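Note that the sequence shown ends on residue 133 in our numbering; no numbers are left out.
Even for Gly, the Cβ is constructed at its ideal location relative to N, Cα and C.
Small disclaimer: the values here were computed from a predicted structure and weren't measured.
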Amino acid sequence: DTKTIPVPVGEYTAVAEEVKCRQWQSKKDPSMAGLALDIKWSIDDSAVKELLGRDKVTVNQGIMLELTDSGGLDMGKGRNIGLGRLREALGLNAPGQPFSFMMVSGRVAKISVSHRIDGENIYAEVKGVAKM
Numbered sequence: 002d003t004k005t006i007p008v009p010v011g012e013y014t015a016v017a018e019e020v021k022c023r024q025w026q027s028k029k030d031p032s033m034a035g036l037a038l039d040i041k042w043s044i045d046d047s048a049v050k051e052l053l054g055r056d057k058v059t060v061n062q063g064i065m066l067e068l069t070d071s072g073g074l075d076m077g078k079g080r081n082i083g084l085g086r087l088r089e090a091l092g093l094n095a096p097g098q099p100f101s102f103m104m105v106s107g108r109v110a111k112i113s114v115s116h117r118i119d120g121e122n123i124y125a126e127v128k129g130v131a132k133m
């Protein structure tokens, strides 16, 4: 086949399988660069598996990270909102509690899937995460 059938838009229970931090650089403006957190969520929904003809259904979430001038993760007020929402949904946002990106792996949440259109291609993406 030449095209993937995307996961339908909706809310699903999913497990965070793979968590990776990556560097990015803008193609339009190479002076713009930073870090992103990529999470691969595994959806365990038999109807979706049957619809897509797959034994395993995954969808990706990308969170752009805001950094301090010294290159650390900016944890100031109003900063890294996407990461804060992810942490809150997974019960990893308690004051004083240590946090690392690897703590996300294996956690269960309700994910909200939407579609992004790029030319003739349709991509399913996680647009939000909520507590179970």
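Using three-state DSSP, classify residue i as helix, strand or coil.
| i | result |
| --- | --- |
| GLU89 | helix |
| VAL8 | coil |
Within a Cβ cutoff of 7 Å, which residues of the same chain sit near residue i, ignoring the five residues on either side of it in sequence?
| i | result |
| --- | --- |
| SER115 | VAL10, GLU126 and LYS128 |
Whose C-beta lies closer than 6 Å to the C-beta of residue i among residues of the same chain, with five residues either side of it excluded?
| i | result |
| --- | --- |
| GLU19 | LYS41 |
| LYS132 | ALA90 |
| SER27 | MET33 |
Determine the burial state of residue i: buried for a count of at least 16 other Cβ atoms within 10 Å of its Cβ, exposed for fewer.
| i | result |
| --- | --- |
| GLN98 | exposed |
Tell me which same chain residues have a C-beta within less than 8 Å of the C-beta of residue i, skipping the five on either side of it?
| i | result |
| --- | --- |
| VAL49 | VAL8, PRO9, TYR13 and VAL58 |
| request: Report the residue ranges of all alpha helix (DSSP H) runs contained in full by the region 48 to 90; include only those spanning at least 4 residues, in chain order. | output: Here the runs fully enclosed are 82 to 90.
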